[in-house]
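Down below is the structure, laid out as structure tokens.
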Amino acid sequence: MKEVAFIIDQDLAPYVNCIYTDENFDTNGHTNIPLYADGYPGIMFQQTTNGFYLLPRNKKLSELFLFGQTLDPVSLDVKGSYKFVVVQLYPFASKYLLGIDPKVLNDDCYDLLQIEYLDVETYRQSLIQASSLGDQVQLISELMRELIRTHKVSENDRIEKAISIIIENNGQIRIKELLDTIYMTERTFERHFMAYIGLTPKQFSKIIQFQSSINKLTQSTYNSLLDIGYDSGFSDQSHFIRTFKSYTGQTPSYYLNQLSNR
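The sequence shown begins at 1 in the UniProt record's numbering and counts up by one.
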């Protein structure tokens, strides 16, 4: 997938992190796209002859869906040509869009076409007929606005601030430090965090820490896995390898070899 430089409308900028797109014109091809935990949900619109499947559950995905937090190693699998656009959201955004407990979306997807209180089918048809990525993003943006207006979830600035702090610190911040910054008790903080993110603060911090380590793996400035593990805040190499494997199903060295072979 490649990130696309695209200006997000000002009213939606607080919800959207970035936009990704990808396409493949090989009608006889077979593509598997690993999805590792990164702390961000998103909306995906996909066009393909045979459909995308979520593995290992072998679940056929809707053309337009919202995916939640990824905890276990999963992948998108498709046979033949395809095209998709992903609007990657900030961690709290799915709560505003659907007004549901985001925990139910962990390692799963919500078929936006099943929504009955909005005319999502018209959006689908318009997305199919759209002539450019910009048009598709605008259509998804308008759908987001309708969902946000429908659910009217109250904002929680302190939880959003806590998320920003965790991300800025690459997951390497103690919960006690967060509580001193946002002025909440630990019990209240955990309850609100779970309600907006679907994860505990510790789970989310661990995912962000893992993402920091996976980004460092692709950099040439590190001499060893031990250096990457220490710089990412892991106590030792075995802890780093264990955490990495739990999210990817692979060891860091195997993952690195796969990257170099692409």
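The C-beta atom is built at its ideal place from N, Cα and C for all residues, glycine as well. No experiment lies behind these values; they were computed from the predicted model shown.
- In the DSSP assignment, Q211 falls within the unbroken alpha helix (DSSP H) covering 201 to 217.
- DSSP places K176 within a helical segment (H, G or I) once states are collapsed to three.
- Taking the Cα positions, R242 is about 25 Å away from I165.
- Secondary structure of S75 (DSSP, three-state): strand.
- Here DSSP, grouped into helix, strand and coil, assigns E23 to strand.
- At a Cβ-Cβ threshold of 8 Å, L97 and M144 count as neighbours.
- When rounded, the separation of the alpha-carbon atoms in M184 and L178 is 9 Å.
- E142 carries a helical assignment under DSSP once its states are collapsed to helix, strand and coil.
- Secondary structure of K152 (DSSP, three-state): coil.
- In the structure shown, the three-state DSSP call for N106 is coil.
- DSSP places Q136 within a helical segment (H, G or I) once states are collapsed to three.
- The straight-line gap separating the alpha-carbon atoms of G249 and P73 is approximately 6 Å.
- The bridge partners DSSP lists for F65 are M44, D111.
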